[in-house]
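Since the structure comes first, as structure tokens, the remarks are kept for the end.
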Amino acid sequence: MLDLLNLIGKAIENLQRSIELFKVSERDGGLDQIASVIQQIDCYLERIDEDPLLKIMTIDRAGLGERLLGVKGELASIIESFSPNVL
Amino acid sequence: MKKAKDRQFSGMNNEELIRCLRQATDEGTSSSALSSLREEIVKQNVGLVKSIAAGFLNSGEPLDDLVQAGYIGLLNAVVNFDLARNTRFSTYASYLIKGEIRHYIRDKHAMVRIPQWVQVTNRKVKEAEEAFFQEQGRPPTIAELAARLDINESQLVELLRGREVMTYVSIDQERRSTDPNPPPLGMEHLSPRDEGGVSSELRMRILIAIEQLAEIQQQVIRGLFYQGKSQAEIGKELGISQRQISRMKEQILQAVKQQLVGPYDESTE
Chain A
51 MLDLLNLIGK AIENLQRSIE LFKVSERDGG LDQIASVIQQ IDCYLERIDE
101 DPLLKIMTID RAGLGERLLG VKGELASIIE SFSPNVL
Chain B
5 MKKAKDRQFS GMNNEELIRC LRQATDEGTS SSALSSLREE IVKQNVGLVK
55 SIAAGFLNSG EPLDDLVQAG YIGLLNAVVN FDLARNTRFS TYASYLIKGE
105 IRHYIRDKHA MVRIPQWVQV TNRKVKEAEE AFFQEQGRPP TIAELAARLD
155 INESQLVELL RGREVMTYVS IDQERRSTDP NPPPLGMEHL SPRDEGGVSS
205 ELRMRILIAI EQLAEIQQQV IRGLFYQGKS QAEIGKELGI SQRQISRMKE
255 QILQAVKQQL VGPYDESTE
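As you go down the protein sequences, you meet chains A and B in turn. Letter 87 of the first sequence, counting from 1, is numbered 137 in the numbering used here, and no numbers are missing. Letter 165 of the second sequence, counting from 1, is numbered 169 in the numbering used here, and no numbers are missing.
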């Protein structure tokens with residue numbers, strides 16, 4: 051189970067890596083990195099109640115969930131823009 | 005009483021009125037006196053707002069609505085104008101008034117839903133333009149604006165052109181009305197893809213996602229160390245000791261440090 055800070059740290063790392071891969075024309079690799087972030091966010095949100103970090107701090111969980119879903123939606127639309135129908 | 009105050013302010017120019025406003029704010033003057041000062045500044049600049057708004061009538065928007073949008077720019081100028089800079093208030097205000105009117109028209113005339121990343125980027129461009137104008141007393145060139153936004157010139161030109169197609173008002177035309185020799189925005193400056201093959205749009209969208217995640221990260225760190233419950237309260241809720249909570253926070257802090265600077269390498273000592 052990833053805690054929120056670990057999730058964000060890994061997600062940022064994956065997204066930075068995706069930019070690097072796109073730069074060297076590794077489109078599939080770049081998209082894989084983005085897809086893994088989407089998957090991590092999904093996994094995290096499914097088990098958000100188990101996050102030990104959230105248990106020791108005050109945070110608006112609903113708002114946090116919405117913001118993560120917003121990021122996920124944006125990343126999903128990036129992947130969609132590469133689908134064969136769009137290209 | 006109000007009339008006496010009005011007489012006191014009449015005859016003052018914009019800069020003098022703003023100086024009075026700043027002093028009055030610092031001295032904690034009553035809100036009614038501050039309102040009178042603001043009203044006087046607005047009154048003195050009604051003509052400026054209306055004349056600028058009239059220049060946008062070809063957008064098809066009613067003059068009253070354009071003037072209302074212009075007032076927002078004027079009020080922003082009153083709040084943000086820096087007296088220490090060698091710029092006239094009317095020059096600074098004109099820039100912000102035009103910016104707000106353009107922004108209003110762009111929102112009204114958007115033919116398609118503007119993606120969030122474009123909205124965020126446009127806001128950043130607008131803020132950077134305004135900050136540059138405040139500091140230098142003139143609009144930035146493409147190169148200067150790109151440097152401030154930490155993107156390359158071709159990416160900025162793409163963004164500006166993207167902004168242009170979302171409104172009937174040409175930013176190039178607008179730039180020409182304030183600057184007889186604006187930087188060229190021709191197609192020759194456009195590069196649909198960076199050298200490596202990643203499009204600017206794609207890069208910006210990913211960077212904005214990173215930025216949003218980083219904002220959440222900061223909020224969590226603040227919440228964890230500055231705004232959270234006391235360790236005793238948390239311990240009571242979780243049924244563990246305060247010492248254990250303290251250890252958990254220490255571990256989290258170490259993990260955050262590692263994320264920020266990378267793993268500690270003793271061999272570099």
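Glycine residues also receive a C-beta, built at the ideal position from the N, C-alpha and C atoms. Every value quoted in this text rests on a predicted model; they were computed, and no experiment measured them.
(message) Helix, strand or coil for residue 87 of chain B? Go by DSSP, reduced to three states.
(response) Shown here, residue 87 of chain B sits in coil according to DSSP, grouped into three states, outside any helix or strand.
(request) Report the three-state DSSP secondary structure of residue 208 of chain B (helix, strand or coil). (result) Residue 208 of chain B sits in a helix when the DSSP states are folded into three classes.
(request) Could you name the residues of the stretch 208 to 219 of chain B whose beta carbon sits closer than 9 Å to any beta carbon of chain D, in the order they occur along the chain? (result) Any reference to chain D falls outside this structure, whose protein chains are A and B.
(message) By the three-class DSSP mapping on this structure, what secondary structure does residue 39 of chain B have?
(response) Of the three classes helix, strand and coil, the one that applies to residue 39 of chain B here is helix, per DSSP.
(request) Measuring only between beta-carbons, confirm whether residue 184 of chain B sits less than 8 Å from chain A. (result) Its pLDDT being 40, under 50, residue 184 of chain B is placed unreliably in this model, and the value from its coordinates should be taken loosely. Not closer than 8 Å to any Cβ of chain A, the Cβ of residue 184 of chain B fails to qualify, so no.
(message) In whole angstroms, give me the CA-to-CA distance for residue 116 of chain A and residue 101 of chain A.
(response) Taking the Cα positions, residue 116 of chain A is about 17 Å away from residue 101 of chain A.
(request) Please say whether residue 84 of chain A and residue 144 of chain A have beta carbons closer to each other than 8 Å? (result) Since the first and last residues shown for chain A are 51 and 137, residue 144 of chain A lies out of range.
(request) Report, in whole angstroms, the separation of the C-beta atoms of residue 91 of chain A and residue 121 of chain A, which I expect to be a contact under 8 Å. (result) The distance from the Cβ of residue 91 of chain A to that of residue 121 of chain A is about 7 Å, consistent with a contact at the 8 Å cut-off.
(request) Ignore the nearest five residues each way along the sequence and tell me which others in residue 38 of chain B's own chain have a CB closer than 8 Å to its CB. (result) Hits under 8 Å: 25, 28, 29.
(message) Strictly under 8 Å for the Cβ-Cβ distance: is residue 67 of chain A near chain B by that measure?
(response) Taking Cβ atoms only, chain B never reaches closer than 8 Å to residue 67 of chain A, which makes this a no.
(message) Below 8 Å on the Cβ atoms is my contact criterion, and I expect residue 164 of chain B with residue 153 of chain B to pass it. Report the Cβ-Cβ distance as a whole number of Å.
(response) The distance from the Cβ of residue 164 of chain B to that of residue 153 of chain B is about 11 Å, inconsistent with a contact at the 8 Å cut-off.
(message) Taking 8 Å as the threshold (C-beta atoms), are residue 42 of chain B and residue 87 of chain B in contact?
(response) Not in contact: residue 87 of chain B and residue 42 of chain B (Cβ atoms no closer than 8 Å).
(message) Using a 10 Å radius around the Cβ and a threshold of 16 neighbouring Cβ atoms, would you call residue 64 of chain A buried or exposed?
(response) So residue 64 of chain A ends up on the buried side.
(message) Looking at the secondary structure, which residues open and close the alpha helix (DSSP H) in which residue 102 of chain A lies?
(response) Annotation for residue 102 of chain A: the continuous alpha helix (DSSP H) segment containing it runs 102 to 105.
(message) I'd like to know if residue 221 of chain B contacts chain A, where contact means its C-beta is closer than 8 Å to some C-beta of that chain.
(response) Yes - at least one Cβ of chain A is within 8 Å of the one on residue 221 of chain B.
(request) Could you check which residue in B:89, B:222, B:95, B:127 has the C-alpha nearest to that of residue 106 of chain B? (result) Comparing alpha carbon positions, the residue from B:89, B:222, B:95, B:127 closest to residue 106 of chain B is B:127.
(message) If you follow the alpha helix (DSSP H) that residue 84 of chain A is in, where does it begin and where does it stop?
(response) Taken as a continuous stretch (DSSP letters only), the alpha helix (DSSP H) holding residue 84 of chain A covers 77 to 96.
(request) Starting from the C-beta of residue 76 of chain B, find all residues in its chain whose C-beta is less than 7 Å away, skip the five residues before and the five after it, and write them out in chain order. (result) Excluding residues within five positions, the ones whose Cβ falls inside 7 Å are 104.
(request) At 7 Å on the CB atoms, spell out the chain A contacts of residue 249 of chain B, in chain order. (result) When 7 Å is used as the limit between beta carbons, residue 249 of chain B is near these residues of chain A: 106, in chain order.
(request) Verify whether the separation of the beta carbon atoms of residue 102 of chain B and residue 65 of chain B is less than 8 Å. (result) Going by C-beta atoms, residue 102 of chain B is not nearer than 8 Å to residue 65 of chain B.
(request) Could you name the residues of chain B that residue 109 of chain A contacts, counting a contact when the two beta carbons are closer than 8 Å? (result) Here the neighbours are 223, 224, 227.
(message) What does the alpha-carbon distance come out to for the pair residue 97 of chain B and residue 144 of chain B?
(response) Taking the straight line joining both Cα atoms gives about 16 Å.
(request) Identify the contact partners of residue 116 of chain A in chain B, using a Cβ-Cβ distance below 8 Å as the criterion. (result) Under the 8 Å cutoff, chain B gives no residues; its nearest Cβ is about 11 Å from residue 116 of chain A.
(request) Using a Cβ cut-off of 7 Å, pull out every chain B residue sitting near residue 62 of chain A, in sequence order please. (result) For residue 62 of chain A, the neighbours in chain B by C-beta distance under 7 Å run, in chain order, 214, 217, 218.
(request) Starting from the N-terminal side, write out each stretch of the alpha helix (DSSP H) that is 4 residues or longer and does not extend beyond the stretch 133 to 158 of chain B. (result) Taking 4 residues as the minimum length, the alpha helix (DSSP H) runs contained wholly in the stretch 133 to 158 of chain B are 146 to 153, in order along the chain.
(request) Would you tell me roughly how many angstroms separate the C-alpha atoms of residue 94 of chain B and residue 18 of chain B, rounded to the nearest one? (result) Distance between the alpha carbons of residue 94 of chain B and residue 18 of chain B is about 8 Å.
(request) Taking only beta carbons into account, state which residues of the stretch 69 to 100 of chain A come closer than 7 Å to chain B, listed in chain order. (result) Identification of residues in the stretch 69 to 100 of chain A having a C-beta nearer than 7 Å to some C-beta of chain B yields 69, 72, 73, 74, 75, given in sequence order.
(request) Might you give, ordered along the chain, the residues of its own chain that have their beta carbon closer than 6 Å to the beta carbon of residue 70 of chain B, omitting 5 neighbours on each side? (result) Counting only Cβ-Cβ distances below 6 Å, and skipping sequence neighbours, we find 57, 60, 105.
(request) Have a look at residue 130 of chain B and residue 44 of chain B and give me their C-alpha separation to the nearest angstrom. (result) Taking the straight line joining both Cα atoms gives about 28 Å.
(message) Between residue 69 of chain A and residue 207 of chain B, how many whole angstroms is the CB-CB distance? I'm expecting something under 8 Å.
(response) That pair is a contact at about 6 Å.
(request) Check each candidate in B:78, B:133, B:136, B:62 and name the one with the smallest Cα separation from residue 51 of chain B. (result) For residue 51 of chain B, the nearest C-alpha among the options comes from B:78.
(request) Note down, in chain order, each residue of its chain lying with its Cβ closer than 6 Å to the Cβ of residue 82 of chain B, except the 5 sequence neighbours on either side. (result) Taken in chain order, the residues that qualify are 45.
(request) Could you check if residue 135 of chain B is buried or exposed, using at least 16 other CB atoms within 10 Å of its CB as the buried criterion? (result) Exposed, since its Cβ has fewer than 16 Cβ neighbours within 10 Å.
(request) Under 8 Å between beta-carbons, which chain A residues line up against residue 252 of chain B? List them in chain order, please. (result) Here the neighbours are 102, 106.
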